[in-house]
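First the structure, in the form of structure tokens, and then the observations on it.
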Amino acid sequence: MNPRQLLPWIAGAALIALPFVYRDSYHLHILILILIWAFAYTSWSMMGRFGLVSLGHGGFMGVGAYVTALLWNHLGVSPWLGIPVAMIAAAVLAVIVGYPCFRFRITGHYFVLVTLALSGIVLQVITATRDYTGGSLGYTPDRTRGSHLLALQFDDKTTWYLIALGVWALGLVIWRWVDGSMDRYALEAISEDEDAAAAAGVNVTREKLKITVISALMTSLAGALYCQYQMFISPDTVSGISVSLQMVFAVIVGGLYVSLGPTVGAVITIMLAEVLRIGFGTRAVGWDNLVYGVLLVVFIIFLPKGILGSVAERLKAHRKLSIKP
Amino acid sequence: MMDFFDIYLLEAVVNGILLGGLLALLALGLNLIFGVIDVTWICYAELVMIGMYGMYYMVQYFGLSYFLAAPLAILLVAALGALLHLLVIAPLLSAPPINQLLATGGVLFVLQSFATVAFGIDFRNLGIRLPVLQFAEMHFSYARLLAFGAALIGMVLVYLFMTRTYVGTAIRAISQDRQIMALMGVDTRRLYLITSALGGALAGLASCLLVLQYDVHPFVGLSFGPITFLVCVLGGLGNFVGGFVAAFVFAEIISLGGLFSDLEWGYVLAFAFFIVMMFIRPAGLLARRS
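Protein chains in written order, with numbering that gives the first Met the number 0: chain A, 0 to 324; chain B, 0 to 289.
In structure tokens form, the structure reads like this:
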């Protein structure tokens, strides 16, 4: 094995060992948030990298979080069962909206706006059913006393860190798996030219639907995890248009076409928000989004491949140059 | 069955029509931008929000009268629209359409958080309370009637501008064929700038009317922005007449849905209707089937 193949394993081992060596609970908290959001952003990029820009992922995340919490509070269903149910609910939603979209060839601006309507619906339904969901005031899953495996509630940050790390790694594995599959070529062909892809024998509707369902399943899992970890969800933090835009933003900044791009995006956005919050205190309200927004515009104009994407491209060009002579 | 058609139903229907006028005005500006420049301004509602703040400060702090402040607010938002085009859209004109859409999404963040930082998150209003009109036991807000009237006048003016003036004719021509117009010696950059300013001015007019009915706060754009996009898409992006019809259809669904249950369910119903319509008529309500 050469050192380049060894690198991911060493990095993985270091990440697993981290919470046993380093126990600062605030820093672990930030790391857990980064991992959960990095997983959510990776889920979005599964579709985004093939030109399927969705603003409906806030909706999938909301379904994941609220279905899990509602099943636990009202029916006493353990999150171990509730999370799969929530994921299936999100997948069904994805098929209901996605199938007609792909079948009737709704693409580009239209696809963005249909999915925007989807996250709008989820947000409004959560707000409208305030008798059950607490409306815009937010919702808290019932607490058990101390850590409880069946309730998926843990007091210590180490357990949560390991769970989030595992899920994040799973996200990367799925990304790699799609990246190495035939579906990737089919989807890339579709994003270039749907008619040509169909003429070449690609089942456009099925391929698009497949990646949409995978993406929705992952996003709802991220929502459910966020809910179980934070023990508080509100329509504005897990659903709606601003969450969807937040995903798009982080992925674009990190890099849409590389596996670790969304993770880099999560690190940058969450660190930025935290640094501003600590540096300015309550005066920072609004400043983080102001910086985000300016960065998003600047990135799309000058660096559309994102930070990691551009760095990777530079490195590749550099390597080619050094081999040639 | 008869008590179904009571006075409240009629009131809801009329209120729906009044709301429809406002939605039609909002959709008109967005449709203009889309039809001519082929760009969706995701931040359109946030421009309206800035205009509402402009109205608030001019009326409450500088003591201008409402009718003096309104043209200034329209000018302000028109300038913002032109600036948005110069700074964000112009460098991206040859980029994939999705990038343009996402860049204006970034502007949405900027405007929202700028308002949070500069004006705080308090709800503010003009302090003008217009009387409520009573007619045959039905209540209509005067502000809504005024908004409806002004929206109609605004739309007629835009129609006249587009059909009767040289610049308007050029704008309509460019929306039909972008490449040819440049070859025929039309300065597309100047026309894009004028169109953006015009779209901004329509957003400014909408902000003058909205500020009469709603409190302004940094996130007010989120309450009517998505609806505006859906109206435009339902009517067919860039299709003025379609947008006009769709605005009234949407407003009636919200108004009537809200009558039988909570207002949110009216919105849910409208959103669901939108998704279903997308599948039945993907290119808009009035599109001809090809």
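We treat Cβ as the ideally placed atom computed from N, Cα and C, and that holds for glycine.
Query: Please name the residue, chosen from B/Ser112, B/Thr187, B/Pro225, B/Tyr43, that lies closest to B/Leu79 on a Cα-to-Cα basis.; Result: B/Tyr43
Query: Listing by chain order, which chain B residues have their CB less than 7 Å from the CB of A/Pro99?; Result: Phe278
Query: Can the beta-carbon of B/Ser112 be found closer than 7 Å to that of A/Leu289?; Result: yes
Query: In angstroms with no decimal places, state the Cα-to-Cα distance between A/Val293 and A/Gly75.; Result: 45 Å
Query: So which residues of chain B does A/Thr236 contact, with C-beta pairs closer than 9 Å?; Result: By Cβ distance, chain B contributes nothing, its closest Cβ being about 14 Å from A/Thr236, past 9 Å.
Query: Can you pull the chain A residues whose beta carbon is under 9 Å from the beta carbon of B/Trp264, in chain order?; Result: Gln123, Val124, Ala127
Query: Return the bridge partner residues of A/His147 from the DSSP annotation.; Result: A/Gln152
Query: Provide the residue span of the alpha helix (DSSP H) that contains B/Phe249, from first to last.; Result: 239-259
Query: Less than 7 Å between C-beta atoms, sequence neighbours within five positions excluded: which residues of the same chain meet that for A/Glu206?; Result: Asp182, Ala185, Leu186, Ile189
Query: Buried or exposed, going by whether 16 or more other CB atoms sit within 10 Å of the CB of A/Pro7?; Result: exposed
Query: Under DSSP, the alpha helix (DSSP H) around B/Gly328 begins and ends at which residues?; Result: This structure cannot speak to residue 328 of chain B, because chain B is shown only from 0 to 289.
Query: Since I believe A/Ala116 is in contact with A/Ala215 (beta carbons under 8 Å), could you give me their beta-carbon distance rounded to a whole number of angstroms?; Result: With a Cβ gap of about 16 Å, A/Ala215 and A/Ala116 do not count as contacting.
Query: By the 10 Å Cβ neighbour count, where 16 or more other Cβ atoms means buried, how is B/Met0 classified, buried or exposed?; Result: Unreliable positioning characterises B/Met0 in this predicted model, as indicated by a pLDDT of 39, which lies under 50. The coordinate reading is nonetheless provided below. Per the 10 Å Cβ criterion, exposed.
Query: Please return the same chain residues whose Cβ sits closer than 8 Å to the Cβ of A/Ile267, not counting the five positions on each side in sequence.; Result: Ala249, Val252, Gly253, Ile306
Query: Beta-carbon within less than 8 Å of B/Ala172's beta-carbon, same chain only, minus the 5 sequence neighbours each way: which residues are those?; Result: Met180, Val185
Query: Please classify A/Ala12 as buried or exposed, where buried requires at least 16 other C-beta atoms within 10 Å of its C-beta.; Result: exposed
Query: How many angstroms separate the CA atom of B/Leu209 from the CA atom of B/Thr162?; Result: 28 Å
Query: Going straight from the alpha carbon of B/Gly234 to that of B/Leu192, what length do you get?; Result: 25 Å
Query: Quick check: the Cα distance between A/Ile162 and A/Ala168, rounded to an integer number of angstroms?; Result: 10 Å
Query: For B/Ser174, collect the residues of the same chain with a Cβ closer than 8 Å to its Cβ; drop the 5 residues on either side in sequence, then sort them by chain order.; Result: Gly34, Val35, Gly237
Query: Say whether chain B places a C-beta atom closer than 7 Å to the C-beta of A/Gly292.; Result: yes
Query: Quick one: does A/Val296 have its CB under 7 Å from some CB of chain B?; Result: yes
Query: Secondary structure at B/Met0, three-state DSSP: helix, strand or coil?; Result: Note that B/Met0 scores 39 on pLDDT, short of 50, meaning its location in the model is unreliable and no value can be drawn from it.
Query: Since I believe A/Thr218 is in contact with A/Trp79 (beta carbons under 8 Å), could you give me their beta-carbon distance rounded to a whole number of angstroms?; Result: No, A/Trp79 and A/Thr218 are not in contact; Cβ-Cβ is about 19 Å, not under 8 Å.
Query: By a C-beta neighbour count over all protein chains shown, 10 Å radius and 16 as the cutoff for buried, is B/Thr168 buried or exposed?; Result: exposed
Query: Does any residue of chain B bring its CB to less than 7 Å from the CB of A/Ala215?; Result: no
Query: By the three-class DSSP mapping on this structure, what secondary structure does A/Arg104 have?; Result: coil
Query: I want to verify the contact list: residues of chain C whose CB lies under 9 Å from the CB of B/Pro90, in sequence order.; Result: This model lacks chain C altogether, as its protein chains are A and B.
Query: From B/Met154, B/Ala68, B/Leu201, pick the residue whose C-alpha is nearest to that of B/Tyr56; which is it?; Result: B/Ala68
Query: Under a Cβ-count criterion, where at least 16 other Cβ atoms within 10 Å of its own Cβ denotes burial, should B/Arg288 be classed as buried or exposed?; Result: Summary for B/Arg288: the model assigns pLDDT 46, below 50, so the residue's position carries little reliability; its value from the coordinates is reported in the next sentence. Exposed, by the Cβ-count rule.
Query: Does the structure place the region 14-27 of chain B close enough to the region 259-273 of chain B that three or more beta carbon pairs sit under 8 Å?; Result: no
Query: Within this structure, are the beta carbons of A/Leu208 and A/Phe101 separated by less than 7 Å?; Result: yes
Query: What's the C-alpha gap between B/Asp2 and B/Leu262?; Result: Its pLDDT being 49, under 50, B/Asp2 is placed unreliably by the model, and the measurement read from it follows with that caveat. Rounded to the nearest angstrom, the two C-alpha atoms are 22 Å apart.
Query: Say whether chain A places a C-beta atom closer than 7 Å to the C-beta of B/Ala102.; Result: yes
Query: Among A/Thr157, A/Ile9, A/Trp286, whose alpha-carbon lies nearest the alpha-carbon of B/Ile120?; Result: A/Trp286
Query: Please confirm whether A/Gly58 and A/Val113 have their CB atoms less than 7 Å apart.; Result: no
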